[in-house]
Ligand SMILES: Nc1ncnc2c1ncn2[C@@H]1O[C@H](COP(=O)(O)OP(=O)(O)OP(=O)(O)O)[C@@H](O)[C@H]1O
Ligand SMILES: [Mg+2]
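Residue numbers (this note's numbering): 180 to 569.
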């Protein structure tokens with residue numbers, strides 16, 4: 180070894196930034212954050228809410244060595260496998276959507292933990308809000324209904340770039356949507372508990388809603404097993420986000436749209452997947468149901484929506500619904516009109532299958548209120564009945 184050669188220590192060739200955090204960092208997180216913010220002098224962290232995925236998220240304020248304030252960033256930390264998958268999905272989406280997807284500023288890998296530093300969405304016109312918080316707060320008054328149309332123009336405009344051009348591919352949408360016979364009993368039990376309806380009874384009149392429903396057990400036991408064995412059929416496929424909940428769409432004050440969270444993004448999705456997920460979450464997560472009266476109104480709306488027999492058939496234009504429910508109804512109208520352009524098959528069966536998957540999951544969501552879960556249960560029953568008829 181010559182005199183001026185330094186032995187390799189494995190330590191970074193820079194001074195690690197000083198990191199301040201209001202909450203304790205888990206083992207390894209500090210190291211990842213130091214590497215993500217390499218070149219900064221100081222970094223202060225604000226933990227971000229969310230993360231049903233289990234990822235840790237922080238909003239970062241960074242300063243460089245001269246004391247300049249750097250652009251805010253968001254650090255996401257998880258296992259190396261999950262960060263790699265997220266980065267892969269991000270690359271795909273970024274390539275198609277450009278400015279509607281935040282930039283990756285840096286990434287860092289250690290043995291058990293990895294992280295990605297993203298630019299903050301919505302840098303242009305704060306405040307930045309999730310679609311979920313915007314939707315939950317709109318009261319459905321005429322002004323907010325006009326605003327709602329503008330929001331959908333923007334959001335669907337971005338999604339259109341992602342979905343077109345799609346391709347036709349053969350899928351069995353039941354197995355593609357992870358329906359499996361071994362899960363059926365759990366769904367049947369959840370449904371029975373939510374609506375206090377023993378599975379032994381085939382049909383039940385719900386007087387308060389003016390509705391007679393069939394127990395979904397009939398579908399899960401009689402229709403689903405042969406449906407899972409059906410040969411695959413042609414459906415519209417391509418790039419989709421894959422987990423398009425209302426917290427993965429961000430909007431700023433002037434309704435610029437950003438998509439985030441690309442762990443599930445790839446090019447082999449059924450193209451109606453995102454739209455059915457959004458419809459589900461609009462109904463059962465973004466529509467507050469403070470009272471039984473609200474539940475009744477949502478059940479009535481769901482009855483109307485599920486009557487649609489083709490995506491090209493318009494939902495009725497004007498419906499007497501309470502304003503907060505009308506907002507959801509109008510949103511679904513926009514989503515379904517858009518879905519009819521995305522799909523090669525205007526028949527509604529291919530839309531109903533993922534819709535059933537999401538409604539059935541929603542019955543077990545922690546984040547939903549009991550009334551929202553009951554509404555999802557009604558939807559499950561209606562969809563099972565429709566899908567049983569083919
Ligand atoms: N680049 C970003 N700019 C602004 N806010 C962001 C950004 N990335 C994440 N967030 C905020 O953090 C939240 C959680 O981020 P993200 O969806 O990536 O995490 P997640 O753990 O995958 O969440 P989930 O599994 O619940 O969807 C977002 O809903 C958003 O409010
Ligand atoms: Mg998310």
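Think of the CB as a built atom: it goes at the ideal place given N, C-alpha and C, for glycine as much as any other residue.
All figures in this text were calculated on a predicted structure; none of them were measured in a lab.
Using the Cβ count rule (16 or more neighbours within 10 Å means buried), how would you classify residue i?
{"i": "residue 520", "result": "exposed"}
{"i": "residue 565", "result": "buried"}
{"i": "residue 444", "result": "buried"}
{"i": "residue 554", "result": "buried"}
{"i": "residue 391", "result": "exposed"}
{"i": "residue 359", "result": "exposed"}
{"i": "residue 384", "result": "exposed"}
{"i": "residue 549", "result": "exposed"}
{"i": "residue 415", "result": "buried"}
{"i": "residue 194", "result": "exposed"}
{"i": "residue 228", "result": "exposed"}
{"i": "residue 345", "result": "buried"}
{"i": "residue 568", "result": "exposed"}
{"i": "residue 248", "result": "exposed"}
{"i": "residue 268", "result": "buried"}
{"i": "residue 552", "result": "buried"}
{"i": "residue 469", "result": "exposed"}
For residue i, which option in the options has the closest C-alpha, if you only look at C-alpha atoms?
{"i": "residue 293", "options": "317, 515, 209 and 431", "result": "209"}
{"i": "residue 348", "options": "388, 446 and 257", "result": "446"}
{"i": "residue 452", "options": "207, 309 and 535", "result": "535"}
{"i": "residue 503", "options": "376, 323 and 400", "result": "323"}
{"i": "residue 320", "options": "473, 541, 500 and 531", "result": "500"}
{"i": "residue 278", "options": "340, 490 and 554", "result": "340"}
{"i": "residue 286", "options": "200, 275, 433 and 263", "result": "263"}
{"i": "residue 436", "options": "235, 207 and 306", "result": "306"}
{"i": "residue 231", "options": "422, 529, 563 and 417", "result": "422"}
{"i": "residue 387", "options": "198, 380 and 474", "result": "474"}
{"i": "residue 332", "options": "547, 545 and 517", "result": "517"}
{"i": "residue 226", "options": "551, 216 and 202", "result": "202"}
{"i": "residue 448", "options": "213, 356 and 246", "result": "356"}
{"i": "residue 213", "options": "468, 288 and 274", "result": "288"}
{"i": "residue 338", "options": "315, 363, 273 and 401", "result": "273"}
{"i": "residue 218", "options": "196, 236 and 364", "result": "196"}
{"i": "residue 313", "options": "211, 467 and 265", "result": "467"}
{"i": "residue 461", "options": "373, 317 and 361", "result": "317"}
{"i": "residue 310", "options": "472, 455 and 464", "result": "464"}
{"i": "residue 505", "options": "529, 478 and 523", "result": "478"}
{"i": "residue 328", "options": "255, 454, 507 and 545", "result": "507"}
Using a Cβ-Cβ cutoff of less than 6 Å, which residues in the same chain neighbour residue i once the five nearest sequence positions on both sides are dropped?
{"i": "residue 558", "result": "481 and 538"}
{"i": "residue 257", "result": "234"}
Could you name the residues of the same chain whose beta carbon sits closer than 7 Å to that of residue i, not counting the 5 residues immediately before and after it, in chain order?
{"i": "residue 543", "result": "369"}
{"i": "residue 284", "result": "252, 296, 297 and 298"}
{"i": "residue 439", "result": "281, 300, 427 and 429"}
{"i": "residue 525", "result": "489, 490, 491 and 519"}
{"i": "residue 458", "result": "511, 514 and 534"}
{"i": "residue 527", "result": "487, 488, 489 and 490"}
{"i": "residue 531", "result": "562, 565 and 566"}
{"i": "residue 378", "result": "367, 371, 394 and 396"}
Quick one: what's got a C-beta closer than 8 Å to residue i's C-beta in the same chain, skipping five residues either side?
{"i": "residue 271", "result": "418, 441, 444, 445 and 446"}
{"i": "residue 366", "result": "395, 399, 539, 542 and 559"}
{"i": "residue 199", "result": "221, 222, 223 and 224"}
{"i": "residue 495", "result": "483"}
{"i": "residue 291", "result": "207, 258 and 259"}
When you compare the region 420 to 438 with the region 392 to 399, are there three or more beta-carbon pairs, one atom per stretch, that lie closer than 8 Å? Too few Cβ pairs lie closer than 8 Å, so no.
Whether or not the region 345 to 363 and the region 400 to 410 are in contact is what I'm after, with contact meaning three or more pairs of Cβ atoms, one per stretch, closer than 8 Å; do they touch? Yes, the region 400 to 410 is in contact with the region 345 to 363.
Is the number of C-beta pairs between the region 233 to 252 and the region 211 to 225 that are closer than 8 Å three or more? The region 233 to 252, when compared against the region 211 to 225, does touch it at the 8 Å Cβ threshold.
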